[in-house]
Amino acid sequence: MPVWHARGPDGTTPEACIGRPLDDLLTPPELVGIRLQLGRLSAEQPLLVDPEPRTAPDDPGIWIEWVDRLVSGPDGDEVLSVGRNVTDRHEAEMELRESEHRARLAMARAPIGMEIVSLDGHLVDVNNAFCRFVGRTRDDLIGTTWQEIAHPDDVEPDQQRIDAMVEEGRNSYEMEKRYLHADGTIRWGHLAGAYVRDLAGSIAHLGGWAWDLQTDTVVWSDVMCRILGFPTGSQMTYRQVMDLHPDDDRAVIEAAVDACLADGTPWDIEHLIRWADGELRWVRAVGEAGRDAEGRIVRL
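Under the working numbering, the first residue of the sequence shown carries the number 3, and numbering increases by one thereafter.
Right, here's the structure in full:
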């Protein structure tokens, strides 16, 4: 029995809840929600984690993340429900999401071309103005590298400026460079590059990975390998990657991956992952499906 549901409006104590049916302790809407949640538990899926935290009934200022586990008891299967206080994390996530929403809205509406590039050179996001500038769609650009759309003679000078920015601790650089338009023409542009930093002021490392469903091979980008402390070029199977996560977080990730495989639903979640040194650390994962010419999902 979840401890936060143990106190009803009548002041029921946890001790007084033992042995009583849920109908006596929960409101009808709460009871429907709980039954729907617990009805998803099975031998094949013995662990569930709420995708979003919920407020505690006796204190709407507290956010609780619920974890339900199916266990075998002397009288048959039982459900162990554990709630953990994630108020600080939830409020930080809401603040970050709102900040990101404002930033992405400003980027999308900007009249000048803008792109977000990971440290290993892959385009993470672009706006409409940049797409028009190089004559390509967003789907064409995301996942490619900036080197692929730059004039060959400008690649090395641009990379030198990026390396100097990293080594010297500077926040930005500027240069005139040429871009390759989809129609084969060359477009000149004034590039102003800057680091995207996290809330602590550190460089926001954006690593990427791809899971080939046909070969069951997960390939990490060089930045992803450096973030987690694995050798550059590391490859794993999907199951090996899942084994890097603690049980609770693995269940959340697998549910998100299953939904994406089923209908292409993208995910944006924060979870723990075990680094090469054995330490568990928080990361944010954003994923989407990649399709072939017939629209079939072939990679994530």
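Where is the CB? At the ideal position from N, CA and C, for every residue including glycine.
The stretch 155-165 and the stretch 256-267 do not touch, with fewer than 3 CB-CB distances between them shorter than 8 Å.
Taking C-beta atoms under 8 Å as the contact rule, A112 and A94 fail to qualify, at a distance of about 27 Å.
Pairwise C-beta distances place the stretch 133-147 out of contact with the stretch 162-169, as fewer than three of them are shorter than 8 Å. C-alpha of L24 to C-alpha of Q39: approximately 14 Å in a straight line.
Considering only W68, H183, E290 and A45, the residue with the shortest C-alpha distance to I36 is W68. Looking at the backbone, the Cα of I188 and that of Q149 are separated by about 14 Å. Counting other Cβ atoms within 10 Å of its Cβ, R286 stays below 16 and is therefore classed as exposed. A45 is the residue among R56, Y175, R91 and A45 whose C-alpha sits nearest the C-alpha of S74. Around the beta carbon of E117, 16 or more other beta carbons sit within 10 angstroms, so the residue counts as buried. DSSP, read as helix, strand or coil, puts I118 in strand. Three or more Cβ pairs drawn from the stretch 272-279 and the stretch 229-248 lie within less than 8 Å of each other, which places the two stretches in contact. DSSP places L28 in the coil class of the three-state scheme, outside both helix and strand. Measuring C-alpha to C-alpha distances from E176 to each of E169, G186, L193 and V168 identifies L193 as the nearest. With distances taken between CA atoms, H273 lies nearest to V51 out of A18, D26 and V51.
Residue nearest to C227 within the set Q216, V243 and D218 is V243 (criterion: CA-CA distance). Note on geometry: alpha-carbon atoms of V84 and D251 lie some 14 Å from one another. Within 10 angstroms of the beta-carbon of P268 lie fewer than 16 other beta-carbons, which makes it exposed.
Closest by C-alpha distance to P48, out of A253, A291 and H103, is A253. Residue environment: L125 is assigned as buried (16 or more neighbouring CB atoms within 10 Å of its CB, all protein chains considered). Per DSSP, reduced to three states, the secondary structure at Q237 is strand.
The Cβ atoms of H183 and V136 lie closer than 8 Å to each other. Rounded to whole angstroms, the Cβ separation of V220 and M238 is 5 Å, and the two are in contact under 8 Å. In its chain, beyond the 5 residues on either side, A152, H153, D155, D156, I188, R189, W190 and G191 have a beta carbon closer than 8 Å to the beta carbon of R180. Taking a contact as a CB-CB distance under 8 Å, the pair L43 and L72 counts as one, their CB atoms being some 4 Å apart. DSSP, reduced to helix, strand and coil, places R138 outside both helices and strands of the structure shown, so it counts as coil. Under the DSSP definition of a beta bridge, V285 partners with H273.
Note that the C-beta distance between L215 and V288 is not below 8 Å. Counting C-beta atoms within 10 angstroms of its own C-beta, P30 has fewer than 16 neighbours from the protein chains shown and is therefore classed as exposed.
Note on geometry: alpha-carbon atoms of R106 and T57 lie some 28 Å from one another. With respect to L302, W213 sits close: the two C-beta atoms are nearer than 8 Å. Put simply, the backbone Cα of C19 is about 29 Å away from that of D90. Apart from the 5 residues on each side of it in sequence, A110 sits with its Cβ closer than 6 Å to the Cβ of N129 in its chain, given in chain order.
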